[in-house]
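Visitor:
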Amino acid sequence: MRHLRIGDVLPGISVDALLHAWLDARSLVVRGDPLRLGPLAALPHDPAQLLPCLDRRCTLSSFAADAQGRLVTRHELERDDALRRFEDGQSIQIAHAEIHPPLANVGADLARELGFPASIVTTRIVYSPPGASDAYGWHFDGADVIVAQVVGSKQWQLADNPDVRHPHRAGHPDEPVRGPLDGLPGLSPPEYGPRRFDCSAFDTPRSVRLVAGTAMFVPSGMWHRTGAIGDTVSCSVSFMFQPDSWARLLARAMTSLLTADPRLRRPAVGLGLPGRARSDAHRELAAAVDRLHALVESLDVREVIERATSSRLAHLPASSTQFRLRHAANARIEVAEGGGCSLCCDDIEVELGPTLVDPSRWMLATEGVPFSIAELLHATVEAPLRVDPAHVERVSVLVDALVQLEVLEPASRPPRATRPRRSSGATARSR
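Quick note on the working numbering: the sequence shown kicks off at 871 and runs consecutively.
Now the structure itself:
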């Protein structure tokens, strides 16, 4: 199956152009033939045909407006309940749709093309019945979204948000401004509130009607709402991207570093006591600040990446060894007639199970740049916080085998120009 690329979803928009719009918090709208959307266009137009095929891990929600026009949502619905609500005029949302096999790698492929790990994107499908008045009022998302209208139409309104750019959380007009660092306790800067959002842009919104084949990029933090639906069923697919921010990357790296220091894990006693106890506490805090400065100065970029990446994985090998692909390895992945894949290198062939194909491709694409198993896992698993320990073990065994076969080498070694030919071993067979 052909992989869906950014140029397929947003024709005429290059990866560089999309990333510039991303950083500038600008929306993009592109129209085209819906058939270009491949597996998205092939989705059933009727949710009654799709819902029975869904994995139980896909979650169903409905949304509608109450008498005052406010959003009313229902989550964790059973399939029959979701279909009943759809027939009653409510829109329904399928979250974690990346689990559905036809969509399994679409978002991940888009993320990798943009230079992000596959783990930062999730997929949602929204069905709205004919004539529905969509109830998603003004709000902004904490994710950057590419939405593709597959069938039917939907009216969108967009408005700039002068208060927050690149937020870490979603927001609504009736909430106080909490700032883009919310979700990192204790790190929200004082200048972000509490105060109310500036909603003056709602008076002059930009209206966009998405029809079948239209795709739009909506940056995180941009106010938007959806309005009236046409006289046919509307189906749209959204890819929700939540890449690391520099703040989160540094915060996770520093949290990992600070909590590894037993002196800094000691209880902060005495700050609320009078006299000498308080003075002693202040001196200890000053020493901790000095320690913090020393730790920051000792960090290099690779250690920041390693520590931040490691902290996102629930099950990670203890080793932080860096590996690199040997320039002389001439490694490649070959697909057998029966559909299986092998990693081939000179006289060596390593058979790959389905879960090891993406990690192998990623390693070959590094072109000699050092990487750790943590980075490899973070770049290739869909949900790093729920990664299967058995998968970690499989990837670790593969890396170890490739080191033994001299396809990979520890990055601490000087690069070698040639690789001696090896006889096949337990993990490889002669070709």
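Glycine included, C-beta positions come from ideal geometry on N, C-alpha and C.
Just to confirm the assignment, what range does the beta strand (DSSP E) spanning Val962 have?
Guide: Numbered from 1 along the sequence shown, position 92 holds the residue referred to as residue 962. Inspection of the sequence shows that residue 962 is occupied by Ile rather than by Val. Looking at the DSSP string, the run of the beta strand (DSSP E) that includes Ile962 is Ser961 to Ala965.
Visitor: Whose C-beta lies closer than 6 Å to the C-beta of Ala1071 among residues of the same chain, with five residues either side of it excluded?
Guide: Here the question's residue 1071 lines up with position 201 in the sequence shown. Same-chain partners within the cutoff: Ala1029 and Asp1030.
Visitor: For Leu947, does the three-state DSSP call read helix, strand or coil?
Guide: Taking the sequence shown and counting its residues from 1, one reaches residue 947 at position 77. Leu947 falls in the coil class under three-state DSSP.
Visitor: Can you tell which of Gln1192, Leu1119 and Leu1213 has the C-alpha that lies nearest to the C-alpha of Arg1202?
Guide: Mapped onto the sequence shown, residue 1202 falls at position 332. Minimum Cα distance to Arg1202 is reached at Leu1213.
Visitor: Under three-state DSSP, which class holds Ile883?
Guide: Taking the sequence shown and counting its residues from 1, one reaches residue 883 at position 13. In the structure shown, Ile883 sits in coil (DSSP, three-state: anything other than H, G, I, E or B).
Visitor: Near Asp878, what residues of its chain come up, given a Cβ to Cβ distance below 8 Å and the 5 sequence neighbours on each side ignored?
Guide: The count along the sequence shown starts at 1 and reaches residue 878 at position 8. Excluding positions up to five away in sequence, the list reads Arg906, Leu907 and Gly908.
Visitor: Enumerate in chain order the residues of its own chain whose CB-to-CB distance from Pro1113 is below 7 Å, with the five nearest sequence positions on each side excluded.
Guide: Translated into positions along the sequence shown, residue 1113 becomes position 243. Taken in chain order, the residues that qualify are Phe986 and Ile990.
Visitor: Helix, strand or coil for Pro1046 per DSSP?
Guide: Residue mapping note: residue 1046 aligns to position 176 of the sequence shown, counting from 1. Pro1046 falls in the strand class under three-state DSSP.
Visitor: When you compare only the Cα positions, how much space is there between Val885 and Glu946?
Guide: Position 15 of the sequence shown, counted from the first residue, corresponds to residue 885. Position 76 of the sequence shown, counted from the first residue, corresponds to residue 946. Looking at the two C-alpha atoms, the distance is approximately 35 Å.
Visitor: By a C-beta neighbour count over all protein chains shown, 10 Å radius and 16 as the cutoff for buried, is His970 buried or exposed?
Guide: Along the sequence shown, read from residue 1 onward, the residue named residue 970 stands at position 100. His970 is buried by the Cβ-count criterion.
Visitor: DSSP puts Cys1211 in a beta bridge; with which residues?
Guide: Counting from 1 along the sequence shown, the entry for residue 1211 is found at position 341. BP columns for Cys1211 point to Val1205 and Leu1222.
Visitor: I need the DSSP call for Trp1026, collapsed to helix, strand or coil.
Guide: Position 156 of the sequence shown, counted from the start, is the residue given in the question as residue 1026. Note: Trp1026 maps to strand in three-state DSSP.
Visitor: Can you give me the C-alpha to C-alpha distance between Val1103 and Asp1011, rounded to a whole angstrom?
Guide: What you label residue 1103 is simply residue 233 of the sequence shown in a count that begins at 1. What you label residue 1011 is simply residue 141 of the sequence shown in a count that begins at 1. So the two alpha carbons sit approximately 25 Å from each other.
Visitor: Which residue from Asp950, Ala952, Phe933 and Asp951 puts its Cα closest to that of Thr943?
Guide: Within the sequence shown, residue 943 is the residue found at index 73, counting from 1. The candidate whose alpha carbon is nearest that of Thr943 is Phe933.
Visitor: Is DSSP giving Trp1008 helix, strand or coil here?
Guide: For the purposes of this step, residue 1008 is taken as the residue at position 138 of the sequence shown. It is coil, neither helix nor strand.
Visitor: Looking only at C-alpha atoms, which of Ala988, Arg982, Leu921 and Asp979 sits nearest to Ala965?
Guide: The count along the sequence shown starts at 1 and reaches residue 965 at position 95. Ala965 has its Cα closest to that of Leu921, out of Ala988, Arg982, Leu921 and Asp979.
Visitor: What does a CB cutoff of less than 7 Å around Arg1079 pick up in its chain, not counting 5 residues either side in sequence?
Guide: Counting from one through the sequence shown, the residue named residue 1079 turns up at place 209. Excluding sequence neighbours, Arg1079 sits near Ser1023 and Gln1025.
Visitor: May I ask you to verify whether the segment 950–966 touches the segment 1211–1226, counting CB pairs closer than 8 Å and requiring at least 3?
Guide: Short answer: they don't touch.
Visitor: How is Ser932 classed by DSSP in three states: helix, strand or coil?
Guide: Against the sequence shown, residue 932 aligns to sequence position 62. In the structure shown, Ser932 sits in a strand (DSSP, three-state: E or B).
Visitor: Please classify Trp1116: is it buried, with 16 or more other beta-carbons within 10 angstroms of its beta-carbon, or exposed?
Guide: Numbered from its first residue, the sequence shown carries residue 1116 at position 246. It is exposed - the Cβ of Trp1116 has fewer than 16 other Cβ atoms within 10 Å.
Visitor: What runs of the alpha helix (DSSP H), each 4 residues or longer, lie entirely inside the segment 1115–1160?
Guide: List check, alpha helix (DSSP H) in window: 1116–1129.
Visitor: Between which two residues does the alpha helix (DSSP H) carrying Ser1230 extend?
Guide: As a position in the sequence shown, residue 1230 is number 360, starting the count at 1. Val1227 to Ala1235 is the span of the alpha helix (DSSP H), which, as asked, contains Ser1230.
Visitor: Should Asp1014 be labelled buried (16 or more other beta-carbon atoms within 10 Å of its own) or exposed?
Guide: Residue 1014 sits at position 144 when you count from the first residue of the sequence shown. Label assigned to Asp1014: buried.
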